[in-house]
Ligand code: ADP
Ligand code: MG
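Residue numbers (the UniProt record's numbering): 39 to 337.
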């Protein structure tokens, strides 16, 4: 599509994020297409970084070969903001798991397994085909819908923002960043693996795994020098526990990458390849998502 800000009709706020971004439901007037439009402050992003962002976005738009990744429709700059137009989903994993725990339930292992396989496929795809690392993996960037799709969003572009915000030390209260990224500013695919591990522990136990942080300094200390969070055996299978704890190995020479994780027994078990089988899974996962959807997104 060709669009500019005037072609988009605002249908209300979906959510606002940690980096001053806001996501709205919008309708493209000519096509009637409903999408999610994320607006981020781009004034602070340097011209050079902007070009990289646009080039990277274009690359993502051009290659849409993975159904585990949120579809991009386009991006535009308006009044110093960057508008990112993407596929609209029904809920993000952070809001979803909170809703489940609020009702005193826990997410079944089957659902966690399906989410895991979807995210690992998405990240493996980004790496293999686009040579892209995500840089901002966390439950709010894993989206779900009642069709049973689990899709990753906010890759590439937000990474530049995360890094430029990390530069200004304005880190939020929940750090998903890998120890090596905080201590040495070293960033590889394995940093994404760590963030995914933290996200999985969070979803499994129903809260962010680090606690008792009083200051940004404490946070950095805990991640860089403390023991990694881990999942205790008990509520979930030993395969899931092993998978998660593998992601949270501090030593990057031992921590797996996504090509390794896709071969992990837990992931293999939920990595459905047969189309008919996948269809049945989508139905089941979609029904589960529908059951716990927090108050309907935007009418
Ligand atoms: P963050 O990821 O830090 O929460 P964002 O600005 O990326 O902040 O997104 C804000 C919220 O909007 C997210 O928490 C999520 O619930 C929602 N959201 C983002 N993208 C979409 C989308 N494509 N479809 C539906 N909801 C979305
Ligand atoms: Mg996000």
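Glycine is no exception: its CB is placed at the ideal position from the N, C-alpha and C atoms. As the structure is a computational prediction, the values presented were derived from the model and not from experiment.
What does the alpha-carbon distance come out to for the pair residue i and residue j?
i, j, result
"residue 230", "residue 69", "36 Å"
"residue 173", "residue 179", "11 Å"
"residue 60", "residue 116", "14 Å"
"residue 156", "residue 46", "31 Å"
"residue 96", "residue 113", "9 Å"
"residue 154", "residue 275", "14 Å"
"residue 151", "residue 44", "42 Å"
"residue 310", "residue 79", "39 Å"
"residue 76", "residue 277", "37 Å"
"residue 121", "residue 89", "15 Å"
"residue 143", "residue 283", "23 Å"
"residue 273", "residue 55", "31 Å"
"residue 312", "residue 98", "26 Å"
"residue 264", "residue 256", "10 Å"
"residue 253", "residue 302", "37 Å"
"residue 127", "residue 147", "22 Å"
"residue 63", "residue 119", "17 Å"
"residue 167", "residue 271", "35 Å"
"residue 141", "residue 285", "29 Å"
"residue 319", "residue 223", "40 Å"
"residue 259", "residue 314", "48 Å"
"residue 93", "residue 248", "36 Å"
"residue 165", "residue 123", "22 Å"
Are the CB atoms of residue j and residue i within a distance shorter than 8 Å?
i, j, result
"residue 181", "residue 130", "yes"
"residue 261", "residue 269", "no"
"residue 74", "residue 105", "no"
"residue 49", "residue 65", "yes"
"residue 326", "residue 188", "no"
"residue 186", "residue 321", "yes"
Here's a check: name, in chain order, each residue in its chain whose Cβ is nearer than 6 Å to the Cβ of residue i, leaving out the five neighbours to either side.
i, result
"residue 192", "174, 179"
"residue 236", "214"
"residue 225", "219"
"residue 288", "217, 266"
"residue 163", "104"
"residue 137", "330, 332"
"residue 323", "152, 186"
"residue 244", "139"
"residue 58", "79"
"residue 281", "302, 304"
Going along the chain, which residues of its own chain have a beta-carbon closer than 7 Å to the beta-carbon of residue i, five neighbours each way excluded?
i, result
"residue 158", "296, 299, 300, 305"
"residue 328", "184"
"residue 176", "214, 233, 237"
"residue 221", "262"
"residue 72", "63, 65, 126"
"residue 308", "151, 152, 154, 155"
Where does residue i land, buried or exposed, given buried means 16+ other C-beta within 10 angstroms?
i, result
"residue 316", "exposed"
"residue 240", "buried"
"residue 290", "buried"
"residue 52", "buried"
"residue 293", "buried"
"residue 330", "buried"
"residue 132", "buried"
"residue 41", "buried"
"residue 228", "buried"
Near residue i, which residues of its chain fall below 8 Å by C-beta distance, leaving aside the five closest residues on each side in sequence?
i, result
"residue 102", "109, 110"
"residue 67", "45, 46, 47"
"residue 160", "104, 106, 107, 189, 190"
"residue 135", "145, 177, 240, 241, 244"
Does the beta carbon of residue i come closer than 8 Å to any beta carbon on chain D?
i, result
"residue 61", "Absent from the structure: chain D. Only one protein chain is present."
### Task
Could you pull out every unbroken alpha helix (DSSP H) segment of at least 4 residues lying fully inside the stretch 156-188, listed in chain order?
none
#### Entry: Whole alpha helix (DSSP H) elements within the stretch 61-145, 4-residue minimum
Residue ranges of uninterrupted alpha helix (DSSP H) with 4 or more members, entirely inside the stretch 61-145 and ordered along the chain, are 85-100, 131-140.
### Query
What alpha helix (DSSP H) runs, 4 residues minimum, are completely inside the stretch 247-273?
254-263
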